[in-house]
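In my numbering, the protein residues as written are 16 to 647. Quick notes on the structure that follows.
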């Protein structure tokens, strides 16, 4: 048996023993005696009798162990040209004093704090300060529209909002300054709930006026405050609320608890990423997303690693070598980003010339997640880097990897296009519409047998019934991921699409993800999306939208013929794939996910709402022009 096989088998045989052992990696104010209570919460609760403080585990204990001089956070901002490092000792000082400033505003255990910041040092400091008090933070992506911020303020009902005067966004060769304060003021005006106060980080690129009686300068308040000690909380108390889009239009507040979260993330670092004390991890995401919560802030600090907080883009700050510069300069061991970032780099530097300009000898592996990585992109990255490229699958709701490959247990052979094998803690199956596991290799709805492991969502904020309806009712005894895919005979899991991206072509259920994999294999294609559009004869037919690599001069008609032939050869005539169009770019969320559902509505001539998570709303106007002729 491999190390992975033995560990997974040990978890299957005695899951509570597995998590009891994992819990020993955490400092507890009261260690857990009971590991799991199946009668609590919507599907059970982990470590129900334990107490701890997450901030202590992420900061204080490393200083107490004599490692206060080690870098904890490196802030690298190519948009400002500044790099700043906080040691663990300095991080402790800042976090404890910001906690004191929040306490002076009346924030205590269980109170909520909304954090609306760009990728600055103060973002993780604010998160940890809330955790220190036992307060519940809710990070909202910096620059979100006022109405979306207002909806989150109304739902979370925070005592305090922490924000900044501005954010900085690369725009071509320029840097665009986005004023946050007007957005915050408008959001508070729209929300029926009004916070008692706001702490505002004044950035040198754009200062703002403070609202008398409500706003305070964050740095001044922090400097004037008394340091605050860690407040022990129940392991089952909430650490944070992270909002994700809901089908009803009302955002869903994913609730993460303190104890299970700390145990699961600490356990994941060596197991999945091979990262431990003193190692440097660079996760190119944003703290507004779950990846930023888990693997920019909490997990690296829980194990005493150094984490990089990056304020920039994969290309354009200044070029497609931006990520490799960060990896080289900061001696990064594990690098984690979204497939869309690698595709953007590949599009601008297909020959990989910029790789050669940086010393990447300390980099041991590239990790990809956020959406399924097409095999050609993973293969290209592996060839350029000469390092393992590991695609792994997880969700906002799970908080850490459902499937992956495991550097701490010896890597098994990678299969590009697959997210790997289930992490210990997860039993994954592809289910049919009746909720029955399908034979190996057949496509179905991917589901996880209950209970979910530690670190997954405990519930939705003040919405237990909505949580059950959204995730647990479709398949009793299982958590419904709403992802479609297969589990093969060797246990590899491949996510092909969201279940609503399975299209029905003349009665045949086909995965758009499988077609995208074929299109992405074409040497001229940088990235692509396939959506199903209405057809009076077949019900739906697939449409391919492709972005070509830089320097390609082939006509659209010629490329379309080649792509249609490729899909016909690889999937067959049953796919009815007859239309591929070149576009300059694809609409995406800020985390890099392609907005396929919105594309489908545009192609079908249906009304659509501009998603609040969209990176650039102007692209939808381009899409309307491109897809207008398809409306039937």
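C-beta atoms are modelled at their ideal positions from N, C-alpha and C, and glycine is treated no differently.
Residue i versus residue j - alpha carbon distance
{"i": "residue 28", "j": "residue 201", "result": "54 Å"}
{"i": "residue 650", "j": "residue 67", "result": "Outside the shown range of the chain (16 to 647) lies residue 650, about which nothing can therefore be said."}
{"i": "residue 19", "j": "residue 189", "result": "47 Å"}
{"i": "residue 47", "j": "residue 64", "result": "6 Å"}
{"i": "residue 373", "j": "residue 338", "result": "10 Å"}
{"i": "residue 596", "j": "residue 185", "result": "28 Å"}
{"i": "residue 271", "j": "residue 76", "result": "22 Å"}
{"i": "residue 397", "j": "residue 382", "result": "11 Å"}
{"i": "residue 571", "j": "residue 391", "result": "21 Å"}
{"i": "residue 484", "j": "residue 133", "result": "34 Å"}
{"i": "residue 295", "j": "residue 608", "result": "26 Å"}
{"i": "residue 137", "j": "residue 567", "result": "43 Å"}
{"i": "residue 586", "j": "residue 550", "result": "20 Å"}
{"i": "residue 646", "j": "residue 548", "result": "Its pLDDT being 47, under 50, residue 646 is placed unreliably by the model, and the measurement read from it follows with that caveat. Cα to Cα, the separation comes out at about 9 Å."}
{"i": "residue 444", "j": "residue 453", "result": "8 Å"}
{"i": "residue 421", "j": "residue 430", "result": "13 Å"}
{"i": "residue 554", "j": "residue 530", "result": "18 Å"}
{"i": "residue 80", "j": "residue 72", "result": "11 Å"}
{"i": "residue 149", "j": "residue 232", "result": "23 Å"}
{"i": "residue 53", "j": "residue 60", "result": "7 Å"}
{"i": "residue 350", "j": "residue 357", "result": "12 Å"}
Buried or exposed (CB count within 10 angstroms, at least 16 for buried), residue i
{"i": "residue 456", "result": "exposed"}
{"i": "residue 116", "result": "buried"}
{"i": "residue 324", "result": "buried"}
{"i": "residue 99", "result": "exposed"}
{"i": "residue 224", "result": "exposed"}
{"i": "residue 32", "result": "exposed"}
{"i": "residue 211", "result": "exposed"}
{"i": "residue 624", "result": "exposed"}
{"i": "residue 410", "result": "buried"}
{"i": "residue 640", "result": "exposed"}
{"i": "residue 24", "result": "exposed"}
{"i": "residue 197", "result": "exposed"}
{"i": "residue 90", "result": "buried"}
{"i": "residue 331", "result": "buried"}
{"i": "residue 477", "result": "exposed"}
{"i": "residue 498", "result": "buried"}
{"i": "residue 448", "result": "exposed"}
Start-to-end residues for the beta strand (DSSP E) that takes in residue i
{"i": "residue 498", "result": "493-502"}
{"i": "residue 325", "result": "321-325"}
{"i": "residue 153", "result": "151-154"}
{"i": "residue 182", "result": "181-186"}
{"i": "residue 558", "result": "554-563"}
{"i": "residue 540", "result": "540-550"}
{"i": "residue 213", "result": "212-216"}
{"i": "residue 597", "result": "595-597"}
{"i": "residue 232", "result": "230-232"}
{"i": "residue 446", "result": "443-446"}
Start-to-end residues for the alpha helix (DSSP H) that takes in residue i
{"i": "residue 170", "result": "161-171"}
{"i": "residue 611", "result": "611-618"}
{"i": "residue 203", "result": "196-205"}
{"i": "residue 580", "result": "571-585"}
{"i": "residue 23", "result": "18-28"}
{"i": "residue 157", "result": "Element bounds for residue 157: n/a, residue is neither H nor E."}
{"i": "residue 634", "result": "634-642"}
{"i": "residue 533", "result": "527-535"}
{"i": "residue 481", "result": "479-482"}
Integer-rounded CB distance, given that residue j should sit under 8 Å from residue i
{"i": "residue 637", "j": "residue 599", "result": "7 Å"}
{"i": "residue 222", "j": "residue 180", "result": "6 Å"}
{"i": "residue 719", "j": "residue 432", "result": "Only positions 16 to 647 of the chain appear in the structure, and residue 719 is not among them; the question remains open."}
{"i": "residue 175", "j": "residue 122", "result": "6 Å"}
{"i": "residue 158", "j": "residue 130", "result": "Their Cβ separation, rounded to whole angstroms, is 13 Å, which puts residue 158 and residue 130 out of contact at 8 Å."}
{"i": "residue 406", "j": "residue 435", "result": "7 Å"}
{"i": "residue 496", "j": "residue 57", "result": "The Cβ separation is near 16 Å, so there is no contact."}
{"i": "residue 461", "j": "residue 500", "result": "5 Å"}
{"i": "residue 342", "j": "residue 297", "result": "6 Å"}
{"i": "residue 493", "j": "residue 472", "result": "Rounded, the Cβ-Cβ distance is 15 Å, inconsistent with contact."}
{"i": "residue 419", "j": "residue 369", "result": "Not really, about 28 Å apart at Cβ, beyond 8 Å."}
Minimum length 3: unbroken beta strand (DSSP E) runs contained in the stretch 329-370:
349-352
Quick one: complete alpha helix (DSSP H) runs, 4+ long, within the stretch 122-150?
137-148
Give the list of continuous alpha helix (DSSP H) stretches no shorter than 4 residues that lie fully inside the stretch 30-110.
30-38, 76-79
3-residue-minimum beta strand (DSSP E) runs that sit fully inside the stretch 248-274, ordered along the chain
253-259, 267-272
Entirely within the stretch 377-430 and at least 4 residues each: give me those alpha helix (DSSP H) ranges in chain order.
390-400
Considering only residues of the stretch 281-318, which uninterrupted alpha helix (DSSP H) runs meet the minimum length of 4 residues and lie entirely inside it, listed in chain order?
Every alpha helix (DSSP H) stretch that sits fully inside the stretch 281-318 and reaches 4 residues is listed by chain position as 314-317.
In chain order, which beta strand (DSSP E) runs of at least 3 residues are fully inside the stretch 451-477?
459-464
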